[in-house]
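Letter by letter, the sequence shown follows residues 1 to 180 in the UniProt record's numbering. The C-beta atom is built at its ideal place from N, Cα and C for all residues, glycine as well. Taking it in order: structure first as C-alpha cells, then the write-up.
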Amino acid sequence: MINFYNGFVACDPNNAVLSDVVGIDHLGIGSDYDGIPSTPNGLDDVSMYPNLFKQLLDKEWTEDDLIKLAGGNILRVFSQVEQFAKSIISDRPINDLINSQHISNIVWVTLFKDSFTLTSSHDLRSIRLLNFPSGPEDHVTLKMIIEQFYELFDLNILEFRKFGMKEMLLKNKRECFVQE
C-alpha cells in the first residue's frame, strides 16, 4: 500500500518507481491521511483521487491498472484469503508432541513497550530487562544479551537468528523465539 507521506512519494527521477519494482498487481492506495503531517500538492483528501488517476492515465497507466490501484488488488487478495480459509476449515490442528531434543535450547523473547523478557525452555528460567534502547544497534545489543543469557543459564548457542528485531522492538508486545 502506498501512503502519501511526502518523503515516500517524492518525485526524484533517480529513485525507482514502485510499479516497476513490484508491479501494478501488488499496489494499492493506503493514503494515511490521519497519520501524516502534510500531503503532497493536489492530494489534500480522497476527493483529489480523480486528479491523481488522470495524471496516471497521462503517464500510460491503463484503466485496468487504475482499478487495481483503487482497490481491485486488495479485494483480490481478500478474496484469495477467504477462499484459502474455506479450503482449510475442515482441517484439524496437529496436536503431535514435539520431541524434547528439538526444543531443548529455545529462548523465547517477549517484547514490551519499554522492556523485554527472555525465557529459557531448558529450565523455564527468565530474565526481564527494562529500558531497552531503541536505536539501529538494537539487534546487536540484543544478540549480546541473549548470548550472555545462554552463558548464564549454561546453554550452548551456535547462532542467533534475527527475526525483524527492530520492527519487533517498536511494537507494544511481540513474541518470537531464538533457536540453536
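Go ahead and pull the three-state DSSP assignment for Ile-89. In this structure, Ile-89 counts as coil in the three-state DSSP scheme.
Short Cβ contact (8 Å threshold) for Gly-28 with Ile-94: No, these two residues do not count as a Cβ contact at 8 Å.
Under 8 Å Cβ to Cβ from Leu-57, same chain only, skipping five residues before and after it: list those, please. For Leu-57, same chain residues with a beta-carbon under 8 Å away, outside a window of 5 residues either side, are Glu-63 and Leu-66 in chain order.
Would DSSP call Ile-36 helix, strand or coil? Assigned with DSSP and collapsed to three states, Ile-36 falls in coil, not helix or strand.
Thinking C-beta only, is Lys-68 closer than 8 Å to Ile-36? Lys-68 is positioned such that its CB atom lies no closer than 8 Å to that of Ile-36.
Span of the alpha helix (DSSP H) around Lys-68: Per DSSP, Lys-68 belongs to no alpha helix (DSSP H) and is neither H nor E.
Thinking C-alpha only, which one of Asn-41, Ile-88 and Asp-91 is nearest Gly-7? Checked all of Asn-41, Ile-88 and Asp-91; the closest Cα to Gly-7 is Asn-41.
Option nearest His-26 by Cα separation, candidates Ser-87, Glu-82, Phe-78 and Phe-84: The candidate whose alpha carbon is nearest that of His-26 is Phe-78.
With DSSP as the reference, label Ile-94 as helix, strand or coil. Of the three classes helix, strand and coil, the one that applies to Ile-94 here is coil, per DSSP.
Length of the line joining the Cα atoms of Tyr-5 and Asp-34: Roughly 11 Å separates the two Cα atoms.
So Asn-3 packs on Asp-32, CB below 8 Å; how close in whole Å? Asn-3 to Asp-32, Cβ: 4 Å. Contact.
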